[in-house]
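K.L.:
Sharing a structure with you now.
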Amino acid sequence: MYCSKECQKNGWLGHRDFCRRSDDPNSPRADGHSFSGYPSAITLGNAIKLWVEIHNYGFTVVTNTVILLNNDIQPSDFSREIWAYLFVLDVGANSQGPDGNPAKAFQLLQTSLVRKEELGPLSDEWDEMVNHCRLAAAARREEDPVHLLAAYLPAIFVMANTGLTTRHHFPVYLPRREDAFSLDGTYRSIIADAHRMCSEAMNAGDIFRVPLSGIYKHTPDLGTVVKHGKKNKWRWESRDENAYWDALSRRMTHKDSPYQSGLTPREIWARFQGL
Numbered sequence: 033m034y035c036s037k038e039c040q041k042n043g044w045l046g047h048r049d050f051c052r053r054s055d056d057p058n059s060p061r062a063d064g065h066s067f068s069g070y071p072s073a074i075t076l077g078n079a080i081k082l083w084v085e086i087h088n089y090g091f092t093v094v095t096n097t098v099i100l101l102n103n104d105i106q107p108s109d110f111s112r113e114i115w116a117y118l119f120v121l122d123v124g125a126n127s128q129g130p131d132g133n134p135a136k137a138f139q140l141l142q143t144s145l146v147r148k149e150e151l152g153p154l155s156d157e158w159d160e161m162v163n164h165c166r167l168a169a170a171a172r173r174e175e176d177p178v179h180l181l182a183a184y185l186p187a188i189f190v191m192a193n194t195g196l197t198t199r200h201h202f203p204v205y206l207p208r209r210e211d212a213f214s215l216d217g218t219y220r221s222i223i224a225d226a227h228r229m230c231s232e233a234m235n236a237g238d239i240f241r242v243p244l245s246g247i248y249k250h251t252p253d254l255g256t257v258v259k260h261g262k263k264n265k266w267r268w269e270s271r272d273e274n275a276y277w278d279a280l281s282r283r284m285t286h287k288d289s290p291y292q293s294g295l296t297p298r299e300i301w302a303r304f305q306g307l
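Heads up, the sequence shown is in the working numbering, so the first residue is 33 and it goes up one at a time.
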């Protein structure tokens with residue numbers, strides 16, 4: 033975990049956007065006094081890791097749409113190892129602390145792509161992060177040599193108001209369409225809407241999974257985690273997908289809707305899966 037003292041010292045990227053003044057008595061501290069309600073930095077890091085694993089498919093969509101929407105990145109850049117994901121998180125309103133629903137543990141506030149030189153002191157561990165990405169990519173290619181895997185990129189999660197960070201990495205997949213990195217406004221709005229659907233789902237504790245019911249199903253499988261059995265273990269439980277997509281479709285038609293494409297959720301997923 034990374035302490036915000038160094039963040040303050042080096043004027044680290046975006047520090048003022050998500051870290052409060054260290055002399056504010058009401059501000060959570062990243063130097064051991066507060067870990068966003070968790071008992072330790074390690075516990076917080078493990079909770080973030082579990083949350084990411086639960087929302088694995090959502091993060092796959094979010095990370096790849098960020099790349100497609102970025103005008104400065106091209107497929108050749110993946111071999112240059114100069115990009116990383118930066119995520120800003122906050123504790124979820126319904127997480128109930130470390131003992132709450134792990135799918136609702138955090139809120140995704142911000143997602144961006146940053147270059148190595150923008151990471152400030154975090155770039156000191158760049159070689160280690162990149163090496164983890166190389167190993168993950170090699171293992172994936174050995175497992176599935178024909179997969180559309182371009183690379184793995186480092187990811188840094190930052191807790192709002194504390195400056196604590198933890199690291200991860202995510203796969204980047206090559207689109208099937210050769211023009212996917214230069215799409216027109218209509219397709220860019222579809223990509224942005226897919227990104228928003230996944231972000232909103234993660235923040236609500238709704239879990240998207242790769243469709244398993246058939247190859248003609250474009251929308252992801254939908255569920256959540258609930259406690260089961262005498263030991264109250266968290267387990268996957270499917271949800272009524274038709275009701276979910278229909279409700280989202282109605283919300284998309286509101287005049288103040290942030291969705292841009294004008295399509296229904298099912299249409300968005302069908303177009304997005306065709307990229």
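Note that the Cβ used here is the ideal one computed from N, Cα and C, for glycine as well.
Keep in mind that this is a model prediction, so the values were computed, not measured.
Need the endpoints of the alpha helix (DSSP H) that Asp278 sits in, please.
P.N.:
Glu273 to Met284 is the span of the alpha helix (DSSP H), which, as asked, contains Asp278.
K.L.:
Determine the DSSP secondary structure at Ala62, reduced to helix, strand or coil.
P.N.:
Confidence at Ala62 is low in this model, with a pLDDT of 41, below 50, so the placement of that residue should be treated as unreliable; the coordinate-derived value is given next. Coil at Ala62, not helix or strand.
K.L.:
In the DSSP assignment, find the unbroken alpha helix (DSSP H) run with Ser72 in it and report its ends.
P.N.:
Counting along the chain, Ser72 falls outside any alpha helix (DSSP H), and DSSP gives it neither H nor E.
K.L.:
Tell me which same chain residues have a C-beta within less than 8 Å of the C-beta of Ile105, skipping the five on either side of it?
P.N.:
Taken in chain order, the residues that qualify are Ile99, Trp115, Leu145 and Phe213.
K.L.:
Please report the distance separating the alpha-carbon of Glu232 from that of Asn133.
P.N.:
Between Glu232 and Asn133, the C-alpha separation is close to 16 Å.
K.L.:
Just how far apart, CA to CA, sit Thr256 and Trp266?
P.N.:
Cα to Cα, Thr256 sits roughly 9 Å from Trp266.
K.L.:
Can you tell me the Cα-Cα spacing of His260 and Leu82, whole angstroms?
P.N.:
Rounded to the nearest angstrom, the two C-alpha atoms are 18 Å apart.
K.L.:
Helix, strand or coil for Gly90? Go by DSSP, reduced to three states.
P.N.:
Helix.
K.L.:
For the beta strand (DSSP E) holding Glu269, just list the boundary residues, first then last.
P.N.:
Here the beta strand (DSSP E) through Glu269 covers Lys265 to Ser270.
K.L.:
Determine the contact status of Ala182 and Phe110, defining contact as a CB-CB distance below 9 Å.
P.N.:
The answer is yes: Cβ separation under 9 Å.
K.L.:
Would you kindly check if the distance between the Cβ of Arg241 and the Cβ of Asp225 is under 9 Å?
P.N.:
No, the pair does not count as a contact, with Cβ atoms beyond the cut-off.
K.L.:
Going by C-alpha distance, which of His200, Thr251, Asn235 and Met191 is nearest Asn274?
P.N.:
For the residues His200, Thr251, Asn235 and Met191, the minimum Cα distance to Asn274 belongs to Thr251.
K.L.:
Nearest to Tyr117 by CA position, among Gly124, Ala135 and Leu140, is which residue?
P.N.:
Nearest C-alpha to Tyr117: Leu140.
K.L.:
Going along the chain, which residues of its own chain have a beta-carbon closer than 7 Å to the beta-carbon of Cys230, five neighbours each way excluded?
P.N.:
Result list for Cys230: Gly90, Val93, Val94 and Phe240, in chain order.
K.L.:
So who's on the other strand from Thr256, going by DSSP bridges?
P.N.:
Note: Thr256 sits in a beta bridge opposite Glu269.
K.L.:
For Tyr248, does the three-state DSSP call read helix, strand or coil?
P.N.:
Tyr248: coil per DSSP, three-state reduction.
K.L.:
Determine which residues share a DSSP beta bridge with Ala171 and list them.
P.N.:
Per DSSP, none; premise fails for Ala171.
K.L.:
Rounded to a whole number of angstroms, what is the C-alpha to C-alpha distance between Leu151 and Ala73?
P.N.:
In a straight line, the C-alpha of Leu151 is about 21 Å away from that of Ala73.
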